[in-house]
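Each remark here refers to the structure printed beneath this line.
Chains as they are written, first to last, in this note's numbering: chain X, 1 to 944; chain C, 1001 to 1379.
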């Protein structure tokens, strides 16, 4: 019999024949309707249908046959006997229609209790062998399975399961065979078609799982071995992967738990190309689900559960060992996900057992070594990244489950920390990776530690409101060892940038690295996110340790521990070479914290237990010791980055000095100051930085209180002023010197209880102040540039007025006469400045402009110490203390230096206006004097 | 001739209980256009059965008819298409005239009788005058029938009753055909008929045949039971294996195909089921499908000029698609639904049945293997 040429026609034929069949049935013309059915079924012989189309046709035919079946059942045995019909339909000449008819009639017969059920079933399944074409055979057997679904004998489970398994086995064979049909170049198509058909095969296993229900004995003894044997024997990639997956999915997890050995053993015998890890992962998922369900059923069952008696991990471990032994061909790409899935399992089942993890990582380590670390490809590098930084989605689930009240699951942060501190192998694996990868992983880890910290602190606030009792979620560093491990993990980051450039070229992978190294060569202070992160890490470590203290209330014992930890950190970060300039400031800051803490304890003991000499001396020694460490750190920075960060070193020295001074440790303070001076003298060569450094030094010095003894202070300030007067540029000299004048005029620091007028022990020497001012005036006067000179004079005038206000004339030696003389001098100079310009009208105009617009800006921009800040509103330009023009960007507050004013129209106009800055500044000062007259009578004698 | 002269007597032959007898429909096997495809229904008799009936003579228009005697005869003959000169045609001519009056298409005029293996006759009434319609009962007691009725392409085995009114002028005769089934169940080995053949045309043949029947007595019963069981039971019970040895064959094409097939037995009753299996040892062929067909081979004529004709009685697909090594394909073919011819043999012709396994590959090539089976009729 022929079949239609296209699927559309086929469907048309089927519909037509169905209609005819139904009509004949309604007229009880069974023979004719069977004839029509047979013709209709011929369409299923069509070899040109793709699996999808075939399925469409099949579905329609299935419906038609259901009609037929209904009729057959209703009219048995009045109009016909199904046993006769069963024979009758076997006269159909073609095997496919014949079998469909047989199954239809046979299953109809099965609905009657008097039918020889088993014989019919056996016969049908046996005869189905006649269809050996894969697609047609699969559908036929699927039809058999669909039809017999409800009709299998209920009393004989083993028969039913044998029946379904038999069907399954045959279907699987057909399915596998499909792969090998047709030309070789259509292999891909075949594979795709097979994937479309896989559900047909899988449905048999689903059926099996439905009928066996919870009959474990049967599952273990009959079903599973048979199925697995089939799976192994078919040696087909698609089939093995799919079927094992299905087996894992459809049968209950309890079964899997009990037959774990068998299942795992099976994977050893599979086609070498099968990705075992997928199967194992599915299995692990199922087992984890099991745990989850157990917990949901009974949250307290964790300890008492029977399933924990089983050594699930042990089983997996044995399996991995065997696998490693038997399948040395497995690549890392396959091996790593496999181990990863076992890790997932281990985490779910034994969340606190890090030994397991260590074992696993050791295995990875061994494996990696076997392959040779040089041979790690890009892909496996990615796998390592996922493995080592725990990006696996399954693990993510674990970490999110912290939100649940269940303390069973550890948070990711805790987990990683525990892992780092307990699994040596993890570190070793990490060490085997390429530098780029190591960096990525460590980055990832640090991110996790930090991120969850932030999250958690939010959580904790929230939580502590709800449960004031406890937040066990805090990550606590228990001892030095953990810190050590953590640091050793971070090592690649610490030393990451110090590698020689050749290294960079060879490790062709990491763009970041190249990028950063380029910056390195330029030795610029571009923000380095990695190093910044490390600095963050330092703070984080120290914070967690201090948190531990507050918790246990044993601060005096832990100061030493913290110190040790900090030293540990220091010793590991010193490996970073040039990177210390990023990280050491953080360490030094932490030293400062410790110093302060130590000081507090010291003070406390002094107050409460002054008799305990040993303790006191211990702490004072400790203090000194810590300062030494700091000094060491600063030296390290200085030594490791030649000249590139002398500025930083200077400032750190000065800060240390200030700190020491505040703690009344004058000698230490002096040492730091002298260090700073040494650096200034030996290493600071840039004149701009020199001025800045001097100003900074003067600031620090001016606030010191402990150095008055032993003339430390005196020598330091003299030295400072001397340096100031020896600066290269005259305006710098001038400014430095008049700023240094403050060093002889101590002012109140309210924090330590000083108050102007009450405290009388201020270090003040008006004579020297005047000397400084006079000296700077001389310098200002000697400057050739009139404009500059005027500007500086105005600044000096401002300084004079300051002293005039704050001290008696007798003390400061800044007399009215002196001020008036200065004003006169400025006026004269300004006149000559005006003479340079022809159009006086412009001057006045612009002066007026400046006058009007100036006020608001002065308030906004003028700084107390830095003196001459000038603004020009239209262009928002200010003159810096070193004489450069600074263009202010009012929007975001940042400023850019204008190195040279471009000769554009607007540029020249700007330049022109800037010329009158001194005039404006003088005007401003004069205004100030005039306004002061109202509150201070002394100003009335100053002539403006 | 009959057109010009209507025979003065109508002869009607009626068998006893003819209506209630089992009938068989005979389709004309030759595709001769003049006979259309009319089916003829004939009563069935078996070997040793008496055949009786009534002959009714009706005189036309009340005329008296003189006759030299009325004779009834029963004849069994083998008719063959004459492909080569066979001399005894004179007697045939007479029958051909009479047969035309029977107006039935059952007898192929192209076929000529080559052997009358059965011819019994006796007078119904002596010479005299038929004045009015008259009936004569007749009876052939315990008639032995050597061959089964057969209607083949080249050969027929025909049985009929012939009533002849002998006259001075042309005899008036009438024949009535009937069909014969021989339920001898176990067909004798192919050689045995030929041994009978040597003694053919002798009276002793029938006795001989009877003896053969009795000798194989237990076997036909067994076979009949098996057949009956198969008829009613849905599933064939394969206990009837004692009947004959299974047919096992191991065939193949070197490095291409190697199969082993097996039929449960080599002898089947017509009601039985052929059960078997095919085991694939090697397949490199891309098989499209596989069929089992039953071929009836009729060979006729004398040894020197044998004419063989094959006709496929059953064509039955047993496998769809290509099998692989290790697969077993079941065979089950119900025979009862088909009109089959049991094996027959005599010195003029024989009928043999073959099971042919045909493999058709995707390029349309056919590979087949035939193996002879014996079919026999059971009750």
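Virtual Cβ for every residue (Gly too), placed ideally from N, Cα, C.
Open item on the list: Contact criterion: CB-CB distance below 8 Å. Does residue 57 of chain X meet it with respect to chain C?
Closed with: no
Open item on the list: Give me the chain C residues within the contact set of residue 136 of chain X, using Cβ-Cβ distance strictly less than 8 Å, ordered along the chain.
Closed with: 1320 and 1321
Open item on the list: Between residue 1096 of chain C and chain X, is any beta-carbon pair separated by less than 8 Å?
Closed with: The predicted model places residue 1096 of chain C with a pLDDT of 37, which falls under 50 and marks its position as unreliable; any figure quoted below should be read in that light. Taking Cβ atoms only, chain X never reaches closer than 8 Å to residue 1096 of chain C, which makes this a no.
- [ ] Please list the residues of the stretch 1006–1027 of chain C that have a C-beta atom closer than 7 Å to any C-beta atom in chain X, keeping them in chain order.
- [x] none
- [ ] Mind checking the stretch 32–52 of chain X against chain C and listing, in chain order, the residues whose C-beta falls within less than 9 Å of any C-beta there?
- [x] 45 and 47
Open item on the list: Can you find the residues in the same chain that come closer than 7 Å, C-beta to C-beta, to residue 1352 of chain C, ignoring five residues on each side of it along the sequence?
Closed with: 1297, 1343 and 1372
TODO: Flag this pair as yes or no: are the beta carbons of residue 732 of chain X and residue 691 of chain X separated by less than 8 Å?
DONE: yes
Open item on the list: Tell me which residues share the same chain as residue 654 of chain X and place their Cβ nearer than 8 Å to its Cβ, disregarding the 5 neighbours each side in the sequence.
Closed with: 672, 673, 676, 696, 697 and 700
Task: Burial state of residue 660 of chain X, where buried means 16 or more other Cβ atoms lie within 10 Å - done: buried
TODO: May I ask you to report which of helix, strand or coil DSSP gives residue 1183 of chain C?
DONE: coil
Open item on the list: Can you list, in chain order, the residues of its chain with a C-beta nearer than 8 Å to that of residue 605 of chain X? Leave out the 5 residues immediately preceding and following it.
Closed with: 612, 615, 616 and 619
- [ ] Determine the contact status of residue 1251 of chain C and residue 1325 of chain C, defining contact as a CB-CB distance below 8 Å.
- [x] no
Open item on the list: Extract the residue ranges of the beta strand (DSSP E) inside the stretch 214–281 of chain X, only unbroken runs of 3 or more that lie entirely within it.
Closed with: none
Open item on the list: Counting only Cβ pairs nearer than 7 Å, list the residues of chain C close to residue 126 of chain X.
Closed with: 1330
Task: Cβ separation of residue 492 of chain X and residue 445 of chain X, assumed to be a contact under 8 Å, to the nearest whole Å - done: Their Cβ separation, rounded to whole angstroms, is 11 Å, which puts residue 492 of chain X and residue 445 of chain X out of contact at 8 Å.
Open item on the list: Buried or exposed, going by whether 16 or more other CB atoms sit within 10 Å of the CB of residue 37 of chain X?
Closed with: buried
Task: Closest Cα partner of residue 1023 of chain X within the set X/750, X/590, X/751 and X/762 - done: The structure shown does not extend to residue 1023 of chain X, since chain X is modelled only from 1 to 944, so the question has no answer here.
- [ ] Please check if any C-beta of chain C sits within less than 8 Å of the C-beta of residue 94 of chain X.
- [x] yes
TODO: From the DSSP output, in three-state form, read off residue 763 of chain X for me.
DONE: coil
Task: Closest residue to residue 1132 of chain C among C/1289, C/1061, C/1336 and C/1021 (Cα-Cα distance) - done: C/1061
Open item on the list: Is it buried or exposed, residue 747 of chain X, if we count other Cβ atoms within 10 angstroms and call 16 or more buried?
Closed with: exposed
Open item on the list: I'd like to confirm the pairing. Which residues does DSSP put opposite residue 1058 of chain C in its beta bridges?
Closed with: C/1010
Task: Burial state of residue 15 of chain X (16 or more Cβ within 10 Å) - done: exposed
TODO: Confirm, please, whether the CB-CB distance from residue 1278 of chain C to residue 1261 of chain C is below 8 Å.
DONE: yes
- [ ] Determine the direct distance from the alpha carbon of residue 448 of chain X to that of residue 408 of chain X, and round the result to whole angstroms.
- [x] Confidence at residue 408 of chain X is low in this model, with a pLDDT of 36, below 50, so the placement of that residue is unreliable and no value is reported for it.
TODO: Would you mind stating whether residue 88 of chain X and residue 72 of chain X have Cβ atoms separated by less than 8 Å?
DONE: no
TODO: Quick one: which residues of the stretch 72–90 of chain X get their C-beta closer than 9 Å to a C-beta of chain C? List them in chain order.
DONE: 82, 83, 84, 86, 87, 88 and 90
TODO: Determine the chain X residues that contact residue 1327 of chain C at a beta-carbon separation under 9 Å, and present them in chain order.
DONE: 129, 132 and 173
Open item on the list: Under 8 Å, with one C-beta from each stretch per pair, do the stretch 1308–1323 of chain C and the stretch 129–146 of chain X reach the 3-pair mark?
Closed with: yes
Task: Where residue 956 of chain X falls: helix, strand or coil (DSSP) - done: No statement about residue 956 of chain X is possible, as the shown extent of chain X runs from 1 to 944 and does not include it.
- [ ] Pick out the complete alpha helix (DSSP H) segments inside the stretch 92–140 of chain X, 4 residues or longer, and give them in chain order.
- [x] 95–110 and 117–127
Open item on the list: Could you check whether the Cβ of residue 1334 of chain C sits closer than 8 Å to any Cβ belonging to chain X?
Closed with: yes
Open item on the list: Taking the alpha carbon of residue 490 of chain X as the reference point, which residue from X/804, X/537 and X/529 has its own alpha carbon closest?
Closed with: X/537
- [ ] Leaving aside the five residues before and after residue 247 of chain X along the sequence, list all residues of the same chain whose C-beta is less than 7 Å from its C-beta, in chain order.
- [x] 205 and 227
TODO: Please confirm if the stretch 1115–1130 of chain C is in contact with the stretch 1069–1079 of chain C, defined as three or more CB-CB distances below 8 Å between the two stretches.
DONE: yes
Task: Under 8 Å from the C-beta of residue 177 of chain X: neighbouring residues of chain C - done: 1324
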